[in-house]
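Asker:
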Amino acid sequence: MDPDPAAQLARALEQNKYTLPSVYVILLWEALINLGEEHDLIHQTRWGHVKVCYLACRYYPIIITPLYLWACIADIDPRTCANIVLPLQIFLLPLTLFPQFVILVRAYGFTGRNLYVLLLLCGCFVTLLFLQFWGFANQSLVARKVFAVLGTCQGYKTTSNDFSHTRHVGYVMVASIATDALALIVVSIHCFRIRTTQGPLGRLFLQQGISGFLVMLTLNIVSAFTFLGPDHLLTFGVVYPLMFPNIIACRFILQLRRQVSPTETFQLRRQSQLVRDAVGVAHDPQPPDPGSGPPHISIPLEDYYLRPMPTAHQLLPQHNIYFHSYHPRDPPSFSIPKP
C-alpha cells in the first residue's frame, strides 16, 4: 500500500478509467435488450409514479454518466475541477434515491397500502437521504495533492485534503443495506401472514426481493469494506452500487408489469402452451371414470386474465377443443369433450 494518501487516491482515479466505461456499456446493453418490453409495458401505458420511476432509473444514469467519463478521463486544470466537483457530487445522489423509491412504492403497494408500512419506509428513506447528503458533502472539496501526483485534476473522484472523509460513503452503503433488508422483511412478513406465496404474484415479489437484496448486499458489502477498510481511498468500488440498483429496479418493474398485464406475445405463447397440454390430455388412452361427473377436462389459466374471446370459439376442430367465454375477472378454461 502506498504511504502517501495522494498516491493512493491517484491509483484509484486511474482504476476508474476502466470501471466506469465498463459499467456504462452494461447500462446501454440492458436498455437495448429490454427495449421491446419497455415499449409494450411502459410507453404504451398512462403516466403514473411507476412509469416515472422506471424512466428515471433507466435513463438518468445513461444521461449523466458521460459527464463523469469526461471528468474522470479528460485532463482538467485545478480551477475547472474546483468548479465542477460539487455539481458532480450532487448529480450522484439520485442514482441511489430512485431505486430506493421504487422499493418503497413496491413494498407499500404490495402490503395493501398500509399506512404504518408507508410511515416506516418513508422514515428509512428520509434517513438515507440525510446520510447521503452528509456523506457526499464531505467529499466535495478538491484534493490539491492529486494534481501534483497525476499532472491533472480529475474531478470525478476527489476528496478532502486530509483524506479522512471517504469513510462517510461507507456508512451510506451500510444504511442502504439496512433499508433494503427492512423492505424485504416487510414484504416477507406480509406474504406469509396472508399466505400470498401460494399465488404467482406473491412468489414473484419474494423472488425479486430476495434476489435483488442478495445482489445489492454483495455490492454494498464490498463497497463498504472498501471505504471502511485500510484501503479506503481505493474508491473505484462505488461505481457498481451506484449504477446497478437502477438496472435491478427497472427489471423489477418490467417483471411486475409482465405478470399483471401480459403482452400480446406472452398471451399467445401461453395459449399455445395450454392448447398443446390439452391435446396431450385428449390423446390419453386411460378410460374416463364413470363417476367423475361431466365428461370434460378444464385447464385453468392460474391468475392471468386474458382478453375475452367469443363464446364456444373452436380453436382446434379436429380435436373438439373449445375456449369458453368468461367474466374478465374469472380465469378462463379449455374444455375437451370425451367420446
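Residue numbers (this note's numbering): 100 to 438. Note that the Cβ used here is the ideal one computed from N, Cα and C, for glycine as well. This one's a predicted model, so the numbers in the text were calculated from it and none came from an experiment.
1. Could you check which residue in 347, 375, 373 has the C-alpha nearest to that of residue 199?
2. To the nearest angstrom, report how far apart residue 170 and residue 338 are at their CA atoms.
3. Buried or exposed, going by whether 16 or more other CB atoms sit within 10 Å of the CB of residue 117?
4. Can you tell which of 151, 285, 318, 374 has the C-alpha that lies nearest to the C-alpha of residue 211?
5. Going by C-alpha to C-alpha distance, which of 345, 289, 287 sits closest to residue 314?
6. By DSSP, does residue 210 sit in helix, in strand, or in coil?
7. Name the two residues that bound the continuous alpha helix (DSSP H) containing residue 148.
8. Roughly how many angstroms lie between the CA atoms of residue 181 and residue 189, to the nearest whole one?
9. Give the single residue among 142, 157, 196 whose Cα lies nearest to the Cα of residue 78.
10. Look up residue 143 in the DSSP assignment and say whether it is helix, strand or coil.
11. Could you pull out every residue in the same chain whose Cβ sits closer than 7 Å to the Cβ of residue 163, ignoring the five residues on either side in sequence?
12. Within 10 angstroms of its Cβ, does residue 218 collect 16 or more other Cβ (buried), or is it exposed?
13. Comparing the CB of residue 290 with every heavy atom of the ligand GDP, is any distance shorter than 6 Å?
14. Can you give me the Cβ contacts of residue 144 inside the same chain, cut-off strictly under 7 Å, excluding the 5 residues immediately before and after it?
15. Determine the direct distance from the alpha carbon of residue 146 to that of residue 271, and round the result to whole angstroms.
16. Based on Cα-Cα distance, which residue from 193, 123, 173, 226 lies nearest to residue 152?
17. At the level of alpha carbons, what is the spacing between residue 185 and residue 310?
18. Kindly give me the distance between the Cβ atoms of residue 202 and residue 277, rounded to whole angstroms, as I take these residues to be in contact under 8 Å.
19. So for residue 416, helix, strand or coil by DSSP?
20. Given that a residue counts as buried once 16 or more other Cβ atoms are within 10 Å of its Cβ, and exposed if not, what is residue 401?
21. Are residue 161 and residue 126 touching if we call contact CB-CB under 7 Å?
22. Leaving out the 5 sequence neighbours to the left and right, which residues in its chain are closer than 6 Å to residue 123 when beta-carbon positions are compared?
23. Between residue 168 and the rest of its own chain, which residues show a CB-CB distance below 8 Å, the 5 nearest in sequence each way excluded?
24. With a cut-off of 8 Å on the beta carbons, I'd call residue 133 and residue 341 a contact; round off their distance for me.
25. With H, G and I counted as helix, E and B as strand and the rest as coil, what does DSSP make of residue 176?
26. Alpha helix (DSSP H) containing residue 133: first to last residue?
27. Going by CA-CA distance only, name the one from 231, 214, 173, 154 that's closest to residue 273.
Answerer: On the basis of the data shown:
1. Nearest of 347, 375, 373 to residue 199, Cα basis: 347.
2. Going by the C-alpha atoms only, they are around 14 Å apart.
3. The residue in question, residue 117, is exposed, as its Cβ has fewer than 16 Cβ neighbours within 10 Å.
4. For the residues 151, 285, 318, 374, the minimum Cα distance to residue 211 belongs to 285.
5. Of the residues 345, 289, 287, the one whose Cα lies closest to the Cα of residue 314 is 345.
6. Of the three classes helix, strand and coil, the one that applies to residue 210 here is coil, per DSSP.
7. Per DSSP, the unbroken alpha helix (DSSP H) holding residue 148 starts and ends at 148 to 172.
8. About 14 Å.
9. Past the edges of the chain, shown from 100 to 438, lies residue 78, and the structure says nothing about it.
10. Here residue 143 sits in coil by DSSP.
11. These residues qualify, in order along the chain: 190.
12. Burial state of residue 218 is exposed, judged by a 10 Å Cβ sphere holding fewer than 16 other Cβ atoms.
13. You won't find the ligand GDP in this model; it holds no ligand whatsoever.
14. Closer than 7 Å at Cβ, skipping near neighbours: 150.
15. Their backbone Cα atoms lie some 32 Å apart in a straight line.
16. If we check each option's Cα against that of residue 152, 193 comes out closest.
17. Between residue 185 and residue 310, the C-alpha separation is close to 34 Å.
18. Incorrect: roughly 12 Å between the Cβ atoms, too far for contact.
19. The predicted model places residue 416 with a pLDDT of 45, which falls under 50 and marks its position as unreliable, so this point remains unresolved.
20. Because residue 401 sits at a pLDDT of 38, beneath the cut-off of 50, its placement in the model cannot be relied upon, and the point is left open.
21. A contact, by the Cβ cut-off of 7 Å.
22. Only 164 meet the Cβ criterion.
23. Excluding residues within five positions, the ones whose Cβ falls inside 8 Å are 119, 120, 123.
24. Contact doesn't hold; Cβ gap of about 20 Å is too wide.
25. Coil at residue 176, not helix or strand.
26. Run containing residue 133: none; DSSP gives neither H nor E here.
27. Comparing alpha-carbon positions, the option among 231, 214, 173, 154 lying closest to residue 273 turns out to be 231.
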